[in-house]
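Residue numbers (mature numbering (1 follows the signal peptide of the UniProt record, and there is no 0)): -15 to -1, 1 to 125.
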């Protein structure tokens, strides 16, 4: 009986999804000058969007969440899971924030695949081309 209870508890713990990260607000404004001075940024790189679900970080995600799939070159075996990025679309001047919850194997270095809600917020809901150039930076 004890063995059954222990096995049940262990199985339940292993099946429980990892909690998603809580938003970490940026306590300062972000502008072009800060973006060019900051390390770990990417400028004029491609953003695309995808239908989210169970991400490489182990969380179930929704298309309504601001989810980022980081390119494989920078994903680093999940080292950046839960970390927040700021993203700017220079064409629309929109700035949004999202967190890494997945990996994008088809993305080149610096490129990101975004959830539909994050892509739409940056592109003024223009999904026609499915791609735009962006700048991004780590927020923490």
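C-beta: ideal position from N, C-alpha, C; glycine also.
Of the candidates 46, 49, 91 and 42, 42 places its Cα closest to the Cα of residue 66. Between the alpha carbons of residue 52 and residue 44 lies a gap of roughly 11 Å. By the C-beta density criterion, residue 84 is buried, having at least 16 other C-beta atoms within 10 angstroms. The C-alpha of residue 86 is placed about 13 Å away from the C-alpha of residue 59.
Take residue 55, set aside five residues on each side of it, and the residues of its chain with a beta-carbon closer than 7 Å to its own are 65, 85, 88, 89 and 97, in chain order. One thing to note: residue 99 has its Cβ no nearer than 8 Å to the Cβ of residue 79. In the structure shown, the three-state DSSP call for residue 40 is coil. Cα atoms of residue 76 and residue 63: separation of roughly 31 Å, rounded to the nearest angstrom. Taking the Cβ atoms as the reference, residue 71 lies roughly 5 Å from residue 124, within the contact range of under 8 Å. Each residue's CA atom was taken as its position, placing residue 110 and residue 61 some 31 Å apart. The beta carbon of residue 93 is closer than 7 Å to those of 56 in its chain, skipping five residues each way along the sequence. Residue 105 holds the alpha-carbon nearest to the alpha-carbon of residue 35 among 68, 73, 105 and 82.
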